[in-house]
Amino acid sequence: MTFSALADPTRRAILARLALGEASVSELAEPFDMSLVAVSKHLKVLENAGLVSKGRQAQWRPCRLEAGPLRGVDDWLDTYRRFWSESLDRLEAYAATLKPRRNEDEGKK
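The numbering of the sequence shown is UniProt numbering, which starts it at 1 and goes up by one.
Written out as structure tokens, the structure is:
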């Protein structure tokens, strides 16, 4: 459920905003060209995925980020992070072998 919630760019932007601190639905809706109802639907998806919770402080219902489910995403991405890191290390090593050859070729001109 976490990945499907993160698939939408609006929901990712909402999470990025909530990473800065609590916000109301109307505060979260400000940067988007959509109704409060549409933003509330996005928040419901994020709530169902466990990524957002709503508190209650008198008339204010602040939304807050619940980062726990993101640990699973980070664990999953870690496998691919290692793959890309190793691939880039190999590319860097290969590029380093090309540099001396290039210098030799330039010396022949």
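Here a beta-carbon is modelled for each residue, glycine too, at the ideal position from N, C-alpha and C.
{"Query": "Who pairs with Leu65 in a beta bridge, going by DSSP?", "Result": "Val52"}
{"Query": "Taking just the CA atoms, how far does Glu27 sit from Arg90?", "Result": "46 Å"}
{"Query": "Go ahead and pull the three-state DSSP assignment for Ala19.", "Result": "coil"}
{"Query": "Just to confirm my understanding: we take Gly72, look at its own chain, exclude 5 residues before and 5 after, and list those with CB closer than 8 Å. What are they?", "Result": "Thr2"}
{"Query": "If you compare alpha carbons, which of Cys63, Gly50 and Asp8 is closest to Val25?", "Result": "Cys63"}
{"Query": "In the DSSP output, what is Trp60 paired with across the bridge?", "Result": "Gln57"}
{"Query": "By a C-beta neighbour count over all protein chains shown, 10 Å radius and 16 as the cutoff for buried, is Leu18 buried or exposed?", "Result": "buried"}
{"Query": "Considering Cα atoms alone, identify which of Ala38, Leu77 and Ile14 is closest to Ser53.", "Result": "Ile14"}
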